[in-house]
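A.B. asks:
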Amino acid sequence: MYEKLIPDMIVENIYQIDLDFLKEKGITSLVLDIDNTLVPQKSKFPDKQTIEWLEKMKEEGFKICLISNNTKRRVNEFKEKVGVPGISWAIKPRKGAFKKALKILDAKPNETALIGDQIFTDIFGGKRAGLYTILVKPLSKEELGWTKLMRRAERHVLKRIERYGD
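Okay, here's the thing in structure tokens:
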């Protein structure tokens, strides 16, 4: 099970993702977490830079679907601003929402990358669904109580990855 916690790629933020590398791996679709991945936790809407990045992804030929454990209202407001489909109340790391995203994208798991900021929800869920996983550092330190607790456990996993390279 431990291997399902290890992301395939770790980057500072979404802007550091090597798109040519993803294309070489056959990745055509992206499943994106919202909070602390695309925008800081408390940001209601995407900023100009995030919108431009999402537009670039579309121009590069990537299909995009948002996935969030947050409310329908939160996801709907966000997806309307960026013009992509989204799934709320995802209950990550359960596989159901990831399968739904694949159906929306008309994509196979081996051609889809999950991009998120949390190991125990995003990465674990993406791995369980067979996706290529990319971990970004959280954009904000402001988080819900449960997330703060999980971040402590995540630090242990990240230290082990750094130490042993696994």
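The sequence shown runs 682 to 847 under our numbering. Using N, Cα and C, we set each Cβ at its ideal position, and we do this for glycine too.
Throw me the rounded Cβ distance for the residue 738 and residue 745 pair, which I believe falls under 8 angstroms.
C.D. replies: 6 angstroms
A.B. asks: Are the Cβ atoms of residue 773 and residue 806 separated by less than 9 angstroms?
C.D. replies: yes
A.B. asks: Taking buried to mean at least 16 other C-beta atoms within 10 Å of its own C-beta, is residue 700 buried or exposed?
C.D. replies: exposed
A.B. asks: Does DSSP put residue 767 in a helix, a strand or coil?
C.D. replies: In the three-state DSSP reduction, residue 767 falls in the strand class (E or B).
A.B. asks: Just to confirm my understanding: we take residue 757, look at its own chain, exclude 5 residues before and 5 after, and list those with CB closer than 8 angstroms. What are they?
C.D. replies: 767, 769
A.B. asks: With a floor of 4 residues, list each alpha helix (DSSP H) that falls wholly inside the segment 714-801, ordered by position along the chain.
C.D. replies: 729-740, 753-763, 777-786
A.B. asks: Give a yes or no on contact between the segment 785-803 and the segment 705-719, applying the rule of three or more CB pairs nearer than 8 angstroms.
C.D. replies: By the Cβ rule, the segment 785-803 counts as touching the segment 705-719, because three or more pairs are nearer than 8 angstroms.
A.B. asks: If residue 820 sits next to residue 800, beta carbons under 8 angstroms apart, how far is it from one beta carbon to the other, in whole angstroms?
C.D. replies: Between residue 800 and residue 820 the Cβ distance is about 16 angstroms, and since that is not below 8 angstroms, they are no contact.
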